Amino acid sequence: MTVEKLLTTVVDACDEKHGYDIVAYDVTSSGMLYDYCVVCHAPTNRQVEAIANEVKEKVQENEGTVYSMEGLRGSKWVLMDLGDIIVNIMTRDDREYYELDTLFEKYPIKEV
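If you're matching positions, the sequence shown starts at 226 in the numbering used here and goes up one per residue.
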């Protein structure tokens with residue numbers, strides 16, 4: 226699967242489960258080990274878990290690989306490693322507290 230198809234799959238899965246403020250940062254010029262960082266949030270832990278499970282299911286259906294998935298137990302912040310894409314699904318409070326968007330704001334946003 227191409228990186229662009231994987232990115233579209235991830236964003237669509239987040240949207241299907243009503244993730245809020247879905248943003249894909251293009252970090253290809255940063256020298257990081259991945260090309261995109263996707264960030265979204267949900268109002269509850271249960272919804273964070275549902276979004277993460279949807280992303281995992283859709284990626285695997287499209288023959289992609291989920292290399293690791295952390296934080297599903299508490300579901301306040303789930304971090305998924307898809308190889309070329311890192312996905313952060315958080316509660317709104319955690320997104321505001323950790324300010325990941327501020328960390329990545331210097332990188333362009335990829336329209337999907």
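Just so you know, even glycine gets a beta-carbon here, dropped at the ideal spot from N, CA and C. If you're wondering where the values come from, they're calculated on a predicted model, not measured in any experiment.
Nearest to V284 by C-alpha distance, out of L297, E295, G308 and T327, is G308.
When the five nearest sequence neighbours on each side are left out, the beta carbons in the same chain lying within less than 8 Å of the beta carbon of R317 are those of Y245, H266, A267 and P268, in order along the chain. Between C239 and V303, the gap from beta carbon to beta carbon reaches 8 Å or more. For V337, no beta strand (DSSP E) segment is defined, and its DSSP state is neither H nor E.
Taking a C-beta distance under 8 Å as the contact criterion, V273 and V312 do not qualify as a contact pair. The three-state reading of DSSP puts E288 in coil, since its state is none of H, G, I, E or B. The C-beta of S300 has 16 or more other C-beta atoms within 10 Å across all chains shown, which makes the residue buried.
In this structure G289 is in contact with L231, their Cβ atoms being roughly 5 Å apart against a cut-off of 8 Å. Assignment of Y323 by DSSP, reduced to helix, strand and coil, places it in the helix class.
D246: not part of any alpha helix (DSSP H); member of the beta strand (DSSP E) spanning Y245 to D251, first to last residue. Taking the C-beta atoms as reference points, K331 is found no nearer than 8 Å to I276.
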